[in-house]
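Novice: One line per chain: the protein sequences are A and B, in this order.
Residue numbers for the first sequence follow our numbering, beginning at 1 and rising by one.
Residue numbers for the second sequence follow our numbering, beginning at 1001 and rising by one.
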Amino acid sequence: MPKLITEHRLNIILALILLIGPLVAHYAEEPFLVTLATRATILALAGVGLNIALGLGGLVSFGHAAFFGLGGYAVGILASHHQTYQPLMTAPFVINGTNQMLILWMVAIIVSGIAALLIGALSLRTSGVYFIMITLAFAQMIYYFAISWPAYGGEDGLSIYVRNAFPGINTLRPLDFFLLCYAVLIVVLIAQWRMTGARFGVALQAVRQNEGRVAALGLSPYRIRLAAFVISGMVTGLAGALYADLNRFVSPTMLSWHLSGEIMVFIILGGVARLFGPVVGACLFVLFEHLFGSFTNHWQFFLGAALLAVVLFARGGFIGLVAGRVEHD
Amino acid sequence: MSIALFLEQILNGLQLGVTLFLMAAGLTLIFGVMGLINLAHGSLFMVGGFVCAAIAAATGSFWLGLAASLVAAAALGAIVEIVVIRRLYDRDHLDQVLATFALVLMFSEGVRFIFGSFPLYLDPPEMLAGPITLPGGLPYPAYRLAIILAGLLIAVGLGLLISRTRLGMQIRAGESDREMIAALGVDIRFLYTVVFALGAALAGFAGAMIGAIQSVQVGMGEPVLILAFVVIVIGGIGSIRGALVAALIVGIVDTMGRFLLPSLLANVMEASAARGVGSAIASMLIYLLMAVVLVFKPKGLFPANA
């Protein structure tokens, strides 16, 4: 297939479209479309996280909803303690709730990183289809825990009455919150781009392509994979933190295996291992949901059919269609 | 806590265990022979439940419904294999996961479109409706006992099918060397369809049986599917014997955990807190069991020779 455009230029165009679209919507006084774009941006960030493990490392994790949900619950729980002025714990030292996003994000990243370290350390002892089933099972464990743990709403979830605060920004305005999420996404994408070319990124891709050779070079494939899995979980956890503030609500749905599947769908729709693959995929997903959802309740049927068609017949996803195959793969 | 209550919970655990075995046996066969991970297996479970409920409501006979659910699940399995699954055998696991996830979405919405969002109810057959008195004077629902017996009979039947018949020989040959058995003149494509339909029939049968003790609703197959994955990981992929042992362990550990943990914790903490903490930990118990098995036996308790 001829290359219509280089991937690099395509990425810049995509980033601009995602920025300009909501700006136009804002000045056309369509705040709902701004919120829709915010949703796409946050889901894209979750996909970017998974893409580090799945695209670069070849680790097919079917449990990333766990990190997304834990990031969300970290925000929800601390914000609820801030609302009620009850400290989260008093012994051995006092931890109070907070409504500062910067702190909440740090907590979300640390919590999901620790979870990814524990789940990854066990799951990465296996590979292939075992890895898929085990990541799915551990995510399901956290899901059931969230349902049966009554302290923070259980099955009903937990509301955040006022969106948390960020210094210098009025996060209650849809456009401000969108720009904040967009900035986070772009920063993470740049970091991933830098990482892919750095020594760690090269080693990670080498582990995917030929584990034996990497081991022969004296590197530990297990440790490289574990590091990638933890970074991947942290990014998805950060996305969960933003998602909690977008909806001002967290519930076990954020932890469900459907969500793990959807995050994976973003990647395949956009193109596996492409920097902007999850961004395109998440935007297509949100558009699809919005357009089909407006005239049928059964839009998920058509989503399934579209996904099946992409998997069977268009394996490079959107970016593969437009910018051609990955070089040197 | 009486012995009778304890025994009743053990039987409930066995009943969950044989249900999980029916699911896990199909999944592990399909993985063993075709190397395919099939998320849509839970949908076949759901279809079995819906077909049984619909036919039983139309004809008034549970047994007709049960037979129809077996036929419908097997036929649907064969069709799905021929139309979609066949194209996935040479693909990597990511493509298999995504394609079968797409099938899950389509089946769930399809069933919701046909039957609506409200759950259907399915009564157990009249001859099994009441309780039966076990030796020792314990009354236990006859229907649940029938599920345990049916599941164990199927386990024996499946074992005989695989170890004693010509089809079973081909399945075992397919597990150890696909290319060789095709080169020997066995119609491998037909064999794949048969194995997939067999797995689908087991799932549909399980769905119909369970439909009479739970409500029949969209998504009913998903928790069972994920538990069946846990069973396979513990038992070892591709091993029917491992699936049976692991299914019974998971069934009993899960049921007993939910039953015993809250009352055990009540000894060390206040009653209402013990209920909350106990049920939260009980819901994680089998996953912790899986983690322990993984640490000591990463290939499962009964690793297949593949």
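Cβ coordinates follow ideal geometry from the N, Cα and C atoms, glycine included.
Bear in mind the structure is a predicted one, so any value in this text is a computation, not a measurement.
(1) Based on the DSSP secondary-structure assignment, which residues constitute the bridge partners of Ile119 (chain A)?
(2) Which bits of chain B does Phe62 (chain A) rub up against, with CB to CB less than 7 Å?
(3) Looking only at its own chain, which residues have a Cβ that is under 7 Å from the Cβ of Leu172 (chain A), when we skip the five neighbours before and after it?
(4) Return helix, strand or coil for Ala305 (chain A), following the three-state DSSP convention.
(5) What residue ranges within the region 1246-1301 of chain B form continuous alpha helix (DSSP H) runs of no fewer than 4 residues, ordered along the chain?
(6) With 16 as the cutoff for other CB atoms within 10 Å, does Glu1081 (chain B) come out buried or exposed?
(7) What's the call for Trp1063 (chain B), buried or exposed, on a 16-neighbour Cβ count within 10 Å?
(8) Compare the C-beta of Val129 (chain A) against all C-beta atoms of chain B and say whether one is closer than 8 Å.
(9) Helix, strand or coil, according to DSSP, for Val1156 (chain B) in the structure here?
(10) Please work out which residues of its chain come closer than 8 Å, Cβ to Cβ, to Asp1123 (chain B), disregarding the five sequence neighbours upstream and downstream, and give them in chain order.
(11) What are the partner residues of Tyr1140 (chain B), as DSSP defines its beta bridges?
(12) Return the CA-CA distance between Leu1248 (chain B) and Met101 (chain A), expressed in angstroms with no decimal places.
(13) Extract the residue ranges of the alpha helix (DSSP H) inside the region 31-91 of chain A, only unbroken runs of 4 or more that lie entirely within it.
(14) Who are the near neighbours of Tyr165 (chain A) in its chain, counting only those whose CB is closer than 8 Å to its CB and skipping five residues on each side?
(15) Return yes when the Cβ of Ala139 (chain A) is within less than 8 Å of the Cβ of Gly358 (chain A), no when it is not.
(16) Cβ atoms of Val1018 (chain B) and Gly1207 (chain B): under 8 Å apart, would you say?
(17) What three-state label does DSSP hand Ile169 (chain A) in the structure shown?
(18) Going by the CB atoms, is the gap between Val188 (chain A) and Val235 (chain A) shorter than 8 Å?
(19) DSSP state of Gln1009 (chain B), grouped into three classes?
(20) Got a sec: is the Cβ-Cβ distance from Tyr1143 (chain B) to anything in chain A below 8 Å?
(21) Select from the region 284-309 of chain A all residues with a C-beta closer than 9 Å to any C-beta belonging to chain B, and list them in chain order.
(22) Per the DSSP calculation, Ser1163 (chain B) is bridged to which residue(s)?
(23) With DSSP as the reference, identify every bridge partner of Leu124 (chain A), one or two as the case may be.
(24) Identify the contact partners of Thr196 (chain A) in chain B, using a Cβ-Cβ distance below 8 Å as the criterion.
(25) Do Leu242 (chain A) and Cys181 (chain A) have their CB atoms nearer than 8 Å?
(26) In terms of alpha-carbon separation, which member of B:Gly1077, B:Val1051 and B:Ile1079 lies closest to Leu1066 (chain B)?
(27) In or out: Leu1008 (chain B) buried (at least 16 other Cβ within 10 Å) or exposed?
(28) Could you check which residue in B:Tyr1192, B:Gly1238 and B:Ala1271 has the C-alpha nearest to that of Ile1079 (chain B)?
(29) Give the single residue among B:Ala1024, B:Gly1032 and B:Val1033 whose Cα lies nearest to the Cα of His1041 (chain B).
(30) Quick check: Leu43 (chain A) and Phe249 (chain A), are their CB atoms within less than 8 Å of each other?
(31) For Ser1043 (chain B), report the span of its alpha helix (DSSP H) as first-last.
(32) Exposed or buried, Ile1096 (chain B), counting other C-beta atoms within 10 Å across all chains shown (16 or more means buried)?
(33) Please classify Phe276 (chain A): does DSSP put it in a helix, a strand, or coil?
(34) Taking the alpha-carbon positions, what's the Ile160 (chain A) to Val129 (chain A) distance?
(35) Just curious, the alpha helix (DSSP H) that Gln1096 (chain B) is in, first and last residue?
(36) Assign Gln100 (chain A) to one of three DSSP states: helix, strand, or coil.
Specialist: The structure says:
(1) Here residue 119 (chain A) corresponds to residue number 119 of the first sequence, with the count starting at 1. Answer is none; Ile119 (chain A) lacks a bridge partner.
(2) Here residue 62 (chain A) is taken as the residue at index 62 of the first sequence, counted from 1. Within chain B, the residues near Phe62 (chain A) are Val1097.
(3) Stepping through the first sequence from its first residue, residue 172 (chain A) is reached at position 172. Correct list, in chain order: Arg163.
(4) The sequence position of residue 305 (chain A) within the first sequence is 305, counting from 1. Three-state DSSP puts Ala305 (chain A) in a helix.
(5) The alpha helix (DSSP H) runs of length 4 or more contained entirely in the region 1246-1301 of chain B are, from start to end of the chain, 1271-1296.
(6) On the second sequence, residue 1081 (chain B) is found 81 positions in, with the first residue counted as 1. Counting C-beta atoms within 10 angstroms of its own C-beta, Glu1081 (chain B) has 16 or more neighbours from the protein chains shown and is therefore classed as buried.
(7) Residue mapping note: residue 1063 (chain B) aligns to position 63 of the second sequence, counting from 1. Under this definition Trp1063 (chain B) is an exposed residue.
(8) For the purposes of this step, residue 129 (chain A) is taken as the residue at position 129 of the first sequence. Taking a beta-carbon distance threshold of 8 Å, Val129 (chain A) counts as an interface residue toward chain B.
(9) Indexing the second sequence from 1 puts residue 1156 (chain B) at position 156. Judged by DSSP in its simplified three-state form, Val1156 (chain B) adopts helix.
(10) As a first step, residue 1123 (chain B) must be located in the second sequence, where it is residue number 123. Same-chain partners within the cutoff: Ala1056, Phe1062, Ala1129 and Ala1212.
(11) Translated into positions along the second sequence, residue 1140 (chain B) becomes position 140. Answer is B:Ile1132, bridged to Tyr1140 (chain B).
(12) Taking the first residue of the second sequence as position 1, residue 1248 (chain B) is located at position 248. Taking the first residue of the first sequence as position 1, residue 101 (chain A) is located at position 101. In a straight line, the C-alpha of Leu1248 (chain B) is about 47 Å away from that of Met101 (chain A).
(13) Within the region 31-91 of chain A, the complete alpha helix (DSSP H) segments of 4 residues or longer fall at 31-51 and 65-84, listed in chain order.
(14) For the purposes of this step, residue 165 (chain A) is taken as the residue at position 165 of the first sequence. In the sequence as displayed, the identity of residue 165 (chain A) is Ala instead of Tyr. Excluding the 5 residues flanking it on each side, Ala165 (chain A) has same chain C-beta neighbours closer than 8 Å at Asn99, Gln100, Met101 and Thr171, in chain order.
(15) Because chain A is modelled from 1 through 329, residue 358 (chain A) falls outside the range shown and cannot be assessed.
(16) Looking up residue 1207 (chain B) in the second sequence gives position 207. Looking up residue 1018 (chain B) in the second sequence gives position 18. No; because the gap between Cβ atoms is not below 8 Å, this pair is not in contact.
(17) Position 169 of the first sequence, counted from the first residue, corresponds to residue 169 (chain A). Residue state, collapsed to three classes: strand.
(18) Translated into the one-based positions of the first sequence, residue 235 (chain A) becomes position 235. Translated into the one-based positions of the first sequence, residue 188 (chain A) becomes position 188. Note that the C-beta distance between Val235 (chain A) and Val188 (chain A) is below 8 Å.
(19) Position 9 of the second sequence holds residue 1009 (chain B). When secondary structure is reduced to three states using DSSP, Gln1009 (chain B) falls in the helix class.
(20) For the purposes of this step, residue 1143 (chain B) is identified with residue 143 of the second sequence, where counting begins at 1. It does not; no Cβ of chain A falls within 8 Å.
(21) From the region 284-309 of chain A, only Asn297, His298, Trp299, Gln300, Phe301, Phe302, Leu303, Gly304, Ala305, Ala306, Leu307, Leu308 and Ala309 have a Cβ closer than 9 Å to chain B.
(22) For the purposes of this step, residue 1163 (chain B) is taken as the residue at position 163 of the second sequence. Beta bridge pairing from DSSP links Ser1163 (chain B) with no other residue.
(23) To locate residue 124 (chain A), count along the first sequence from 1; it is residue 124. DSSP lists no bridge partner for Leu124 (chain A).
(24) What you label residue 196 (chain A) is simply residue 196 of the first sequence in a count that begins at 1. Simply none; closest approach about 19 Å.
(25) Reading the first sequence from its first residue, position 242 is the one you call residue 242 (chain A). Reading the first sequence from its first residue, position 181 is the one you call residue 181 (chain A). Contact: yes.
(26) Stepping through the second sequence from its first residue, residue 1066 (chain B) is reached at position 66. Looking at the Cα atoms, B:Val1051 is the closest of the given residues.
(27) Working through the second sequence from its first residue, we reach residue 1008 (chain B) at position 8. The question names Leu, but residue 1008 (chain B) is Glu in the sequence shown. Burial call: buried.
(28) Residue mapping note: residue 1079 (chain B) aligns to position 79 of the second sequence, counting from 1. Ile1079 (chain B) has its Cα closest to that of B:Tyr1192, out of B:Tyr1192, B:Gly1238 and B:Ala1271.
(29) Mapped onto the second sequence, residue 1041 (chain B) falls at position 41. Nearest option by C-alpha distance: B:Ala1024.
(30) The count along the first sequence starts at 1 and reaches residue 43 (chain A) at position 43. The count along the first sequence starts at 1 and reaches residue 249 (chain A) at position 249. Phe249 (chain A) sits away from Leu43 (chain A), with the two beta carbons spaced by 8 Å or more.
(31) Within the second sequence, the letter at position 43 stands for residue 1043 (chain B). Segment His1041 to Thr1059, the alpha helix (DSSP H) holding Ser1043 (chain B).
(32) As a first step, residue 1096 (chain B) is located in the second sequence; it is residue number 96 there, counting from the start. Residue 1096 (chain B) is actually Gln in this sequence, not Ile. It is buried - the Cβ of Gln1096 (chain B) has at least 16 other Cβ atoms within 10 Å.
(33) Here residue 276 (chain A) refers to the residue found at position 276 of the first sequence. Residue state, collapsed to three classes: coil.
(34) On the first sequence, position 160 is the one that residue 160 (chain A) refers to. On the first sequence, position 129 is the one that residue 129 (chain A) refers to. Each residue's Cα considered, the two are about 38 Å apart.
(35) Within the second sequence, the letter at position 96 stands for residue 1096 (chain B). Counting along the chain, Gln1096 (chain B) sits inside the alpha helix (DSSP H) bounded by residues His1093 to Phe1115.
(36) What you label residue 100 (chain A) is simply residue 100 of the first sequence in a count that begins at 1. In the structure shown, Gln100 (chain A) adopts extended strand secondary structure according to DSSP, grouped into three states.
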